[in-house]
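Chains as they are written, first to last, in the working numbering: chain A, 14 to 266; chain B, 14 to 266; chain C, 3 to 300; chain D, 558 to 867; chain E, 94 to 341. Note that beta-carbon positions come from the ideal geometry of N, C-alpha and C, so glycine has one too. Keep in mind the model is a prediction, meaning the values are calculated, not measured. Okay, so here's the structure we're looking at.
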Amino acid sequence: MTEPMKVSSKNLDFFYGPSQALYDVNLDFEQNKVTALIGPSGCGKSTFLRCINRMNDLIPIARVQGDLRIDDVDIYSPEVDVVDLRSRVGMVFQKPNPFPKTIFENVAYGLRVKGVRNKAYIASQVEKSLESAALFDEVKDRLHDSALGLSGGQQQRLCIARALAVEPEVLLMDEPASALDPVATQKIEELILQLKTTYTIIIVTHNMQQAARVSDVTAFFFMGKLIEADATETLFTKPRKQQTSDYITGRFG
Amino acid sequence: MTEPMKVSSKNLDFFYGPSQALYDVNLDFEQNKVTALIGPSGCGKSTFLRCINRMNDLIPIARVQGDLRIDDVDIYSPEVDVVDLRSRVGMVFQKPNPFPKTIFENVAYGLRVKGVRNKAYIASQVEKSLESAALFDEVKDRLHDSALGLSGGQQQRLCIARALAVEPEVLLMDEPASALDPVATQKIEELILQLKTTYTIIIVTHNMQQAARVSDVTAFFFMGKLIEADATETLFTKPRKQQTSDYITGRFG
Amino acid sequence: MAFLNSRTREKIIKNMFFGIALACIITLGLITLFLFMEGVPIFDLVSVKDFVFGMYWYPTSDPPDFGIFPLIVGSIFVTILSATISIPLGVMSALYLAEIAKPKMREIVKPIVELIASLPSVVIGFFGMVIVAPFLQEVFDIPTGLNMFNAALMLAFMSIPTICSISEDAIYSVPNALREASLGLGATKLETIIRVILPASISGVSTAVILGMSRAIGETMVVLMVAGGAAALPHSLFDPVRPMPASIAAEMAEAPFRGDHYHALFATGVVLFIFTFFFNIIADMIAHKYKQTGDATL
Amino acid sequence: MLNLQTESINLKQDSRFGKNGAPQGTPKSRRRLYQSIVFNLLRAAALVNGAALAIILWFMLARGWRAINWEFLTTAPYDSMTKGGILPCIVGTLCLGLGAMVVAFPIGVASAIYLNEYARPGKVLRIIRLGINNLAGVPSVVFGLFGLAFFVIYLEMGVSLLAGALTLAAMSLPVIIGASEEALKSVPDTYREASLGLGATKWQTIYRVVLPAAMPGILTGGILGLSRAAGELAPVMFTAAVYFAPKLPSSPFSEVMTLPYHIYVLATAGTEIEATRPLQYGSALVLIVLVLGMNLAAIIYRARLRNRLS
Amino acid sequence: GKLVIKGSTTVLPIAQKVGEAFMKQNPDVELSISGGGSGNGIKAIIDGTTDIADASRFIKDKEVKLAIEKGSYPVPFRVAYDCIVPIVHPSNNVKDLSLDQLKGIYKGEIKNWKEVGGPDLKIVVVSRDTSSGTYEVWEGKVMNKERVAPSALIQASNGAVAQAVAGNKYAIGYIGLGYMNSEVKAVSANGVVGSKETTLNGAFPISRPLFMFTQGWPEGDTVNFLNFVLHPEKGQKLVEEAGYVPLY
Ligand SMILES: Nc1ncnc2c1ncn2[C@@H]1O[C@H](COP(=O)(O)OP(=O)(O)OP(=O)(O)O)[C@@H](O)[C@H]1O
Ligand SMILES: Nc1ncnc2c1ncn2[C@@H]1O[C@H](COP(=O)(O)OP(=O)(O)OP(=O)(O)O)[C@@H](O)[C@H]1O
Ligand SMILES: [Mg+2]
Ligand SMILES: [Mg+2]
Ligand SMILES: O=P([O-])([O-])[O-]
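Structure (structure tokens):
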């Protein structure tokens with residue numbers, strides 16, 4: 014391939030203790046594209062996603078084998094600083110998880126832990142991130158109220174804003190709308206489409222309609238294996254593998 | 014209807030505290046038939062099932078309204094003895110839940126709590142039940158080993174045997190195979206087909222293929238309401254309601 | 003470089019916390035060390051056997067006698083007696099809380115149990131001395147109300163909260179699936195409790211019982227104020243006894259520094275320490291085994 | 558009506574298994590009777606506990622409240638302690654408790670942070686846990702012996718506030734570790750993941766997110782530790798408490814009067830045991846109010862916290 | 094300044110009474126008084142952790158040796174006398190016991206009151222803690238180094254003994270003169286009634302002097318305090334109030 018690949022995994026195996034959760038995954042992610050990971054529950058979507066920002070390091074029994082690169086740098090090589098990596102690869106979780114702090118402090122958090130002291134800069138960055146997350150107008154009058162007072166959908170956008178504030182390059186989203194109602198879900202989907210001009214986005218979803226709506230590329234996982242990855246349009250209309258077509262027609266899962 | 018109905022519910026409403034989980038359910042169950050309850054998660058299948066042996070009594074905030082009869086006796090009338098009712102209406106749960114006792118003691122349990130002392134009778138009853146549950150041959154050499162050493166599928170058949178040992182009339186099964194692998198699932202399904210000659214069976218399942226395979230009648234629940242109930246063949250091929258057909262074609266859920 | 007720095011800093015912080023986490027071990031080590039250091043010299047004077055099995059405790063006579071057998075017996079008897087009161091009451095209360103009480107009731111009763119646990123032992127000792135002792139003396143017409151029975155009663159009261167709250171946790175954590183399975187087979191609630199819940203939570207309950215007894219055998223103020231203090235083998239429930247902690251607390255201040263009496267009291271502390279140490283090890287072993295095999299053990 | 562039903566079913570089942578007269582079990586009525594008897598016994602057991610607490614509190618209250626007045630709380634005892642108040646005892650008790658917390662609280666919280674946030678399961682962790690459990694089980698009088706041998710004599714602190722507070726600190730360590738760990742455990746992992754995902758280091762995550770969220774629970778543990786330390790006597794008997802020191806402590810090396818010791822000596826070794834009974838009850842009541850008050854506050858606070866979280 | 098007094102629980106009431114009066118006259122003195130027992134006080138003198146050590150016995154040779162090794166010279170001051178009176182329940186008709194009878198009772202050989210001319214009742218023996226100075230005197234002067242039976246009820250203080258005997262018609266006990274009250278009945282020993290006079294003239298067989306020790310010759314507050322204690326109009330009056338026998 015000639016295009017530069019932002020994230021690329023080669024022969025990636027993953028183990029929880031003795032049990033293998035990923036088998037030989039080869040998958041590349043293009044810059045400024047949205048890639049959706051789909052597949053039945055337990056197939057390893059989350060596991061794969063969490064490999065990309067090394068969140069799996071937190072699990073004592075987890076072990077990774079193979080090659081995972083961002084901008085052609087092996088992120089599992091010993092020189093790589095995990096903390097730095099994670100600020101370059103933002104993550105949004107299934108359930109909105111704002112800190113029990115004010116809205117402002119939530120967004121400012123990433124900057125503060127980086128050691129940024131400049132108040133004006135922080136304030137402008139917070140505002141910008143909230144705007145990018147399409148939340149600023151809704152909360153601008155109560156930036157210093159607790160974030161826990163927001164609705165679920167607002168909280169999820171706040172979490173996105175929080176991730177954006179540290180200016181990551183890649184944005185990982187693990188079923189970001191599964192805990193939300195349809196209206197909030199739609200907002201998040203619109204947001205994803207906006208954000209892809211700036212970020213490389215990887216999203217796990219169990220909702221195939223959602224995958225079809227927001228993603229450029231879709232990858233289908235099954236039992237820890239990557240079965241097929243293709244342009245979303247192609248994958249949903251002309252899947253090459255039987256398992257894929259079974260899954261998208263709702264024959265199992 | 015002219016046939017005798019084993020279990021019948023009329024205008025059944027059910028509440029968890031302030032929130033209603035079942036709305037005006039009218040459903041009859043024929044003797045020696047298998048009835049499957051299907052519907053999306055949270056639609057109230059389990060709740061309805063647990064009304065039939067009054068397992069919901071255990072939930073302090075639960076409240077039932079309407080009429081639920083077994084052999085034309087209102088099981089919620091004050092004279093009815095719950096303990097007695099439950100020994101007439103056996104239950105098998107989603108996750109196999111054998112007691113941390115020996116295999117023999119698991120099956121003998123129901124008799125022992127009834128106060129039966131006759132050892133020969135207990136032994137013969139245990140053997141018969143294990144045979145009915147198609148488990149006897151697999152475990153006959155280790156009846157006095159812990160039941161926790163059995164595989165998931167064996168454990169589930171043990172739970173069925175345990176329920177059979179007290180000679181119930183009705184057998185309730187709440188997704189009895191959902192925690193099992195395909196081979197074990199098949200065994201359980203075969204068993205259900207065998208058992209229906211003797212018992213009235215009501216089974217909750219989220220697997221429509223399974224409903225189609227094992228049941229005579231299928232009832233479709235949606236958001237606490239019984240949408241439609243019919244002979245399984247009819248319901249799956251010629252559903253009368255749009256919601257039903259949407260669900261069985263996998264359009265939602 | 004900056005990365006390395008932050009990484010080194012994290013390492014240092016982690017090691018610092020590790021160091022602090024060793025405080026407990028260090029304290030325990032120091033306790034053991036000093037207890038033995040001050041206690042062992044007595045064995046130049048009496049053999050371990052004579053010390054532990056000696057029948058006479060006359061530390062200030064000339065020549066002195068350092069036999070703590072009556073003290074050990076006092077400790078054990080008082081503990082066993084209190085256990086016969088506290089185990090049934092504690093476990094039964096736990097069963098009530100976990101299985102029978104309505105949630106509201108549970109919310110009220112649980113804090114009460116915790117409050118009992120926090121009553122200062124000197125208050126309980128005081129109560130036993132000024133209220134219970136005269137009462138017992140009058141009712142049973144005995145020479146003194148300060149005796150083994152009174153002490154056991156007060157100790158039971160003190161160890162019930164431990165037994166109750168730990169067993170309650172164990173009972174409460176028995177998976178609901180087992181409860182439902184049993185009830186679904188037509189068992190009554192009582193039968194479910196006796197045949198399923200209790201066997202499944204037996205390790206947790208035994209841990210609770212052992213910790214409760216450990217608390218009773220080590221408790222000081224109650225036995226000091228209430229047990230009567232006679233260093234003799236008791237012949238009846240209402241005989242005074244002198245459990246080890248009482249002896250230490252009462253005499254330590256009077257014992258000449260690094261004299262034989264002083265060393266003998268430390269040695270008594272060593273014996274007491276070993277007793278409770280074993281209780282705790284056993285409790286830990288049961289609890290550990292219980293964890294490994296999950297919630298459904300027999 | 559229902560009974561009829563059951564009988565007919567039995568007949569049917571018998572024919573199914575080709576067996577006549579299956580053994581009859583215990584009659585239903587008897588099973589129900591057993592149950593109600595046993596349940597009432599269990600209820601009674603719980604009641605006994607409550608009643609015992611009530612009796613103790615009632616006696617202390619009924620006999621102690623008369624002794625308590627402003628003078629009692631704010632003056633020192635005099636006339637061979639048959640008159641006056643217990644101010645030095647209250648101050649001494651609080652100083653000891655607070656002193657113990659100043660030492661034990663940071664160490665306990667830090668240990669809990671290590672155990673809950675850093676330690677990986679393994680031998681080291683198991684040994685530390687064993688250490689904590691055993692420390693929790695050491696009898697209070699043994700702590701007293703340890704304090705005497707180590708702080709008072711070996712470190713030459715003498716009988717002093719400092720030696721007593723350190724001894725109490727050693728004793729309260731497991732309590733604080735336990736409560737803090739509980740509080741840390743109740744902080745959802747999603748907070749940790751969110752923070753780490755934003756490029757925070759582990760320590761930053763702990764310091765900025767985990768600790769603030771766990772703080773109320775940790776503080777509850779601190780209050781419980783304080784109340785326990787304040788009520789203990791055996792550990793301070795040889796390390797800090799004296800019979801009579803009417804002036805308030807002036808330095809960490811002062812010897813102090815404490816409430817529990819005051820109650821103990823007045824009740825057992827005083828020169829005027831009967832004459833000082835009201836003072837004994839009064840002191841006991843003050844101690845109870847102090848300790849139970851702190852506990853009640855902690856319990857209520859924790860309950861509120863739980864409600865807020867759920 | 095600071096003045097620390099430690100030691101004998103027997104002397105404690107004297108120290109406290111005198112101390113309070115002393116503080117009233119010298120408000121700047123910060124006084125700390127604790128019991129702990131004679132041995133403990135003398136140990137503190139040797140270690141230099143107290144200014145004054147109360148003792149209900151004289152210093153032992155071993156202790157003197159230890160003190161001299163550490164370079165301190167304990168100086169004794171006799172501050173009062175104490176006599177230990179056997180007591181019984183007021184309903185008991187026994188009036189006098191010989192030392193031998195007392196010894197027999199406390200050894201557990203005499204088990205019934207009728208053996209010593211009393212009613213046909215079991216004897217319940219009440220004694221003090223083996224580590225109290227009072228017990229040591231009893232053991233020395235009554236028991237002749239033989240031991241009190243281990244089955245005796247042990248009480249932690251004179252007051253507690255008096256209480257126990259007052260509430261029990263089977264009981265016998267012994268207390269310091271200062272603790273006598275109407276609820277118990279004093280018994281004469283060898284025909285001598287315990288009193289101030291019989292103590293001072295040496296007729297009563299179970300009596301002893303009480304001491305305060307200082308480290309070297311006292312100075313400053315310490316000497317002021319001792320002068321106060323020994324002053325016939327000040328300290329010695331309080332000694333009498335405390336129930337003990339003053340020196341003069
Ligand atoms: N912490 C863990 N320890 C052990 N096994 C785990 C752990 N987390 C996940 N697994 C296992 O790894 C496999 C893949 O899990 P993963 O969470 O990646 O699936 P998923 O595709 O995200 O499923 P879902 O759609 O339900 O979120 C599953 O079999 C799961 O049981
Ligand atoms: N103990 C309970 N307390 C309160 N609400 C409950 C309780 N159990 C179930 N519910 C609610 O009642 C509704 C019906 O639940 P039920 O368990 O019957 O659904 P279900 O059809 O069995 O779903 P599933 O397929 O997921 O098992 C749901 O909205 C559920 O959240
Ligand atoms: Mg997932
Ligand atoms: Mg269900
Ligand atoms: O305190 P004593 O006087 O009995 O040693």
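Query	Result
Using a Cβ cut-off of 7 Å, pull out every chain D residue sitting near aspartate 194(B), in sequence order please.	Chain D residues near aspartate 194(B): none, gap ~30 Å exceeds 7 Å.
8 Å is my cut-off, CB to CB: does alanine 266(C) come that close to chain H?	The structure shown contains no chain H; its protein chains are A, B, C, D and E.
Does the pairing of the region 109-124 of chain C with the region 206-215 of chain C give three or more beta-carbon distances under 8 Å?	no
Based on Cα-Cα distance, which residue from Asp80(B), Asp41(B), Gln33(B) and Ala136(B) lies nearest to valine 230(B)?	Asp41(B)
Determine, for proline 678(D), whether the minimum Cβ-Cβ distance to residues of chain A falls below 8 Å.	yes
Give a single yes or no on whether serine 59(B) has its beta carbon closer than 7 Å to a heavy atom of ligand 4.	yes
Residues in its own chain within less than 7 Å of valine 744(D) by CB, not counting five upstream and five downstream?	Val767, Ala770 and Ala771
Just checking, does the region 163-178 of chain A make contact with the region 188-198 of chain A on the three C-beta pairs under 8 Å criterion?	yes
Where does arginine 226(A) sit, in a helix, a strand or coil, going by DSSP?	helix
For valine 767(D), decide whether its Cβ has a neighbour in chain A, counting only Cβ atoms nearer than 8 Å.	no
CB of alanine 34(A) to nearest heavy atom of ligand 1: below 7 Å?	yes
Assuming arginine 260(C) contacts glycine 76(C) under a Cβ cut-off of 8 Å, what Cβ separation, rounded to an integer in Å, is found between them?	Between glycine 76(C) and arginine 260(C) the Cβ distance is about 26 Å, and since that is not below 8 Å, they are no contact.
Going by DSSP, which residues form a beta bridge with serine 22(B)?	Leu40(B) and Leu81(B)
Serine 244(E) versus chain C: which residues are under 7 Å apart at the beta carbon?	Ala232 and Ala234
Determine the direct distance from the alpha carbon of alanine 224(B) to that of threonine 245(B), and round the result to whole angstroms.	8 Å
Examine the Cβ distances between the region 107-123 of chain A and the region 77-95 of chain A and report whether three or more of them are shorter than 8 Å.	no
Rounded to the nearest angstrom, what separates methionine 714(D) and phenylalanine 708(D) at their Cα positions?	6 Å
Among Asp314(E), Leu319(E), Thr292(E) and Val280(E), which residue has its Cα nearest to the Cα of serine 191(E)?	Val280(E)
Consider the Cβ of leucine 753(D): report whether some Cβ of chain A lies at a distance smaller than 8 Å.	yes
Rounded to the nearest angstrom, what separates arginine 600(D) and glutamate 109(C) at their Cα positions?	15 Å
Check the Cβ-Cβ distances between lysine 804(D) and every residue of chain B, and say whether any is below 8 Å.	no
Taking CB distances under 8 Å as the criterion, tell me whether alanine 85(C) reaches chain D.	no
Please confirm if the region 650-665 of chain D is in contact with the region 749-759 of chain D, defined as three or more CB-CB distances below 8 Å between the two stretches.	no
Using a Cβ-Cβ cut-off of 8 Å (strictly less than) and excluding sequence neighbours within five positions of glutamate 79(A), which residues of its own chain qualify?	Before going on, a small fix: residue 79(A) reads as glycine here, not glutamate. For glycine 79(A), where only same-chain residues beyond five positions count, the Cβ hits under 8 Å are Ser22, Lys23, Asn24, Leu25, Asp26, Asp37 and Val38.
Is glycine 281(A) near ligand 1, judged by its Cβ being under 7 Å from some heavy atom?	Because chain A spans 14 through 266 in this model, residue 281(A) falls outside it and cannot be assessed.
With 8 Å set as the bound, which would you pick, yes or no: does the beta-carbon of threonine 583(D) sit closer than that to a beta-carbon of chain B?	yes
Under a three-way DSSP split, which group does glutamate 564(D) fall into?	Residue placement at glutamate 564(D) is flagged as unreliable, the pLDDT there being 35, under the threshold of 50; the coordinate-derived value follows with that caveat. Glutamate 564(D): helix per DSSP, three-state reduction.
What residue range does the alpha helix (DSSP H) around methionine 227(C) cover?	223-228
Report the rounded CA-to-CA distance for alanine 60(A) versus methionine 18(A), giving the unit in angstroms.	Here residue 60(A) turns out to be threonine, not alanine, going by the sequence shown. Each residue's Cα considered, the two are about 21 Å apart.
Along the region 64-81 of chain A, what residues have a CB closer than 8 Å to any CB found in chain D?	Asn66, Met68, Leu71 and Pro73
Counting only the same chain and skipping the five closest in sequence on each side, list residues whose C-beta sits under 6 Å from that of isoleucine 126(E).	Ile98, Ala108, Gln109 and Gly112
Can you check whether the C-beta of lysine 278(E) is within less than 8 Å of a C-beta belonging to chain D?	no
For the pair the region 67-87 of chain C and the region 178-195 of chain C, tell me if three or more CB-CB distances fall below 8 Å.	no
Considering only the beta carbon of each residue, do proline 2(C) and threonine 146(C) sit closer than 8 Å?	This structure does not reach residue 2(C), given that chain C is present from 3 up to 300, and the question cannot be answered.
Once you ignore the five residues that flank tyrosine 58(C) on each side, which residues in its own chain have a CB closer than 6 Å to its CB?	Asp67 and Gly69
Taking the straight line between their C-alpha atoms, what separation do you get for alanine 242(B) and arginine 170(B)?	28 Å
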